[in-house]
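Working notes, structure below.
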Amino acid sequence: MSSEIPEDGLVLVVREGCPTCQLIAPVAADLEARGALAAIYSQDNPDFPAGLRVNDDRHLEVSFRLEITIVPTLIRVTGGVETSRAIGWSRREWCAIAALDDLGPGLPEEQPGCGSLSEEPGWAEELQARHGETGLESATLSLQFPEDPFEIMDIRGWSDGLPVVPPTPARVLATLNECTLEHDHVLGQIPPSGAELTVEKAAINAVMAGCRPVYFPVVLAALDAALDPDFAWQGLLSTTMGAGVAVIVNGPVIRRIGLNSGFNVLGHGTRANATIARTLVLIAMNVGGARPGGTDRSTLGHPGKHGLCFAEDESDPAWQTLAASRGIEEGRSAVTVFGFCGTSIMNVETARTAEDLVASHERSLEAMSQMRSSRRGGGVLLVIAGEFWRIFRESGWDRARIEAALHDATTGPGGGTPMFESGDLLVTRAGSNAGLFSTIIQGWGSGPMGSQPVTREVEP
Amino acid sequence: MTTILLDPTAARASPARQRVAGHRSLEGLTVGLLDIRKRQGDVVLDHLERLLGERGIRTGRYAKPTFTKPAPGAVIDRIASECDAVIEGLAD
């Protein structure tokens, strides 16, 4: 749709749902009666103001082109160029623009307007996609009804097996608006193919994974962490052992985007948890070319290869957060990525003391790491739930004490080669408060020759 | 009704390249033997080195620091400049 905007005269944009527009309806009628109005556009009802020749702008194209932010807006156009504009109602400004001195008798001197519908979330990006300069560089695929986008995307191999959200320009623009980076900024080379990942491609895959736009800064931080050579993403994607990426989130961003750190935290049920790490999976497939049986050589894989993302439970100030333990300033948001090969829940309901808890994990930790034929463990991320932490806390134990005790327990009496080097055994808090459980998240290969956890701050 | 989708793939991926023609014979060539550090890769490569040597074919030994990560550029450059063909031991 294309609408001709008058090149000379007064242009008025209103909507019925705005009290100020209702207030100035008699002024609009007065201006039209005097032949002073070149055009009036209504954003919601083409019969408002009643009795006037109103142009229908329910598609909001004119509002977008005129960059209307508030209604009513009165604009003077001369030779196709805007020369003046009044936002909301102000008798002084309207009279000046209309070159009349007696507008709106009986009305207050001024009254602020309402937000333009063209600025509403959802509309703004849709209008930018339809009528504006998007700056998007990706190839487009144009589907006509009854072609089903979900089926077409699946046929094209753009999915991890579950349906993906159609990456329309409006959705991608809404996601890109959540970061300050340019669309074409290169985030890095995505393994295994080494193809460049731009911010735009990251946003497309985030949309497809189901991310809300506000999740995007967390996705970008997770990508930055995963692209650190220490993380060895290439190895994780290619290995026959079948490794996935876990993303643990800390800081104020948890509440801001609604990440779950409680019930079923490692399971389903929360959109942010379900989609952030999934974005990395889609990027590895769509940009990096990691396809099972192709460069993804996983013999068995595991359910966590769909991506695992969760928030640490930061509700107890006595607990030093994972991010803080890894050098991030308290109060800042951060992600930590951890390459993993599966999870195993520990039921320790008979334990009553901190020592009991550590002892109950000794053999399990050993078992989880002895899957490597070498004596060295593959790294472990231990997730402890509420009751579990309560016992530690009541015993006066903190993160450092827990990690040290687990380290000693897995080294065994009389010393010897420690199963876990410093940094290979991470502890985090998550899950609900009922149930004396922990979960051992089994690492892939630890140390400089394997995959090391990497932490990155989330850019605000 | 039209739905526009943006392509999520690496549309700017590297262009297709011509494959280098294969060698019909190894005579007079240098063959690189790349150990990616998978267990027992050296056993296979030692064996190949001996077999190639018995046929008078020159060999050179190369290694990645770890199989978990891509070969460093310097290793790739050395193989490319010193060898006509390369054999790498992939699996353990």
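Protein chains in written order, with the numbering used here: chain B, 542 to 1001; chain G, 1355 to 1446. All residues carry an ideal CB built from backbone N, CA and C; glycine is no exception.
{"Asked": "When Cβ atoms are compared, which residues of the segment 675–692 of chain B fall closer than 7 Å to chain G?", "Found": "677, 679, 680, 681, 682, 683, 684, 685, 686, 690"}
{"Asked": "Measure the C-alpha to C-alpha separation of residue 833/B and residue 783/B and round it to an integer number of angstroms.", "Found": "10 Å"}
{"Asked": "Can you name the residues that DSSP bridges to residue 596/B?", "Found": "582/B"}
{"Asked": "Below 8 Å on the Cβ atoms is my contact criterion, and I expect residue 657/B with residue 775/B to pass it. Report the Cβ-Cβ distance as a whole number of Å.", "Found": "Rounded, the Cβ-Cβ distance is 48 Å, inconsistent with contact."}
{"Asked": "When DSSP labels each residue in this structure, what does residue 896/B get in the three-state scheme?", "Found": "helix"}
{"Asked": "Short check: CB of residue 766/B to CB of residue 921/B, under 7 Å?", "Found": "no"}
{"Asked": "For residue 1514/G, return the contacting residues in chain B, with the cut-off set at a CB-CB distance below 9 Å.", "Found": "Here chain G has residues from 1355 to 1446 only, and residue 1514/G is not among them."}
{"Asked": "How is the alpha helix (DSSP H) around residue 691/B delimited, first residue to last?", "Found": "690–696"}
{"Asked": "Give a single yes or no on whether residue 573/B has its beta carbon closer than 6 Å to a heavy atom of the ligand ATP.", "Found": "Looking at this structure, you won't find the ligand ATP or any other ligand, since it has none at all."}
{"Asked": "What would DSSP say about residue 630/B, mapped onto helix, strand or coil?", "Found": "strand"}
{"Asked": "In whole angstroms, give me the CA-to-CA distance for residue 927/B and residue 773/B.", "Found": "32 Å"}
{"Asked": "Would you tell me roughly how many angstroms separate the C-alpha atoms of residue 868/B and residue 587/B, rounded to the nearest one?", "Found": "59 Å"}
{"Asked": "If you compare alpha carbons, which of 764/B, 739/B, 850/B, 768/B is closest to residue 802/B?", "Found": "850/B"}
{"Asked": "Specify, as a first and last residue, the run of the alpha helix (DSSP H) that residue 1397/G falls within.", "Found": "1395–1408"}
{"Asked": "From residue 1383/G to residue 1404/G, what does the alpha carbon distance come to, in whole angstroms?", "Found": "16 Å"}
{"Asked": "Mind checking which residues open and close the beta strand (DSSP E) that includes residue 615/B?", "Found": "614–619"}
{"Asked": "Taking only beta-carbon positions, decide if residue 760/B is within less than 7 Å of chain G.", "Found": "no"}
{"Asked": "Which word fits residue 556/B, buried or exposed, when buried means at least 16 other C-beta atoms lie within 10 angstroms of its C-beta?", "Found": "buried"}
{"Asked": "CB residue 723/B to CB residue 757/B, shorter than 7 Å?", "Found": "no"}
{"Asked": "Is the beta carbon of residue 707/B closer than 7 Å to that of residue 687/B?", "Found": "no"}
{"Asked": "Counting only Cβ pairs nearer than 7 Å, list the residues of chain B close to residue 1363/G.", "Found": "827, 828"}
{"Asked": "Using a beta-carbon distance cut-off of less than 8 Å, what residues from the segment 691–709 of chain B approach chain G?", "Found": "693, 694, 699, 707, 708, 709"}
{"Asked": "Give the secondary structure of residue 881/B by DSSP, where H, G and I count as helix, E and B as strand, and everything else as coil.", "Found": "strand"}
{"Asked": "In chain order, what residues of the same chain have a beta carbon less than 6 Å from the beta carbon of residue 704/B, not counting five sequence neighbours either side?", "Found": "691"}
{"Asked": "Return the CA-CA distance between residue 742/B and residue 716/B, expressed in angstroms with no decimal places.", "Found": "11 Å"}
{"Asked": "Under 7 Å Cβ-Cβ, which residues of chain G neighbour residue 713/B?", "Found": "1360"}
{"Asked": "I want to see whether chain G comes within less than 7 Å of residue 983/B, judged by CB atoms only; does it?", "Found": "no"}
{"Asked": "With DSSP as the reference, label residue 804/B as helix, strand or coil.", "Found": "coil"}
{"Asked": "Run down chain G in chain order and give the residues with a C-beta less than 7 Å from the C-beta of residue 745/B.", "Found": "1360, 1362"}
{"Asked": "Are the CB atoms of residue 650/B and residue 632/B nearer to each other than 7 Å?", "Found": "yes"}
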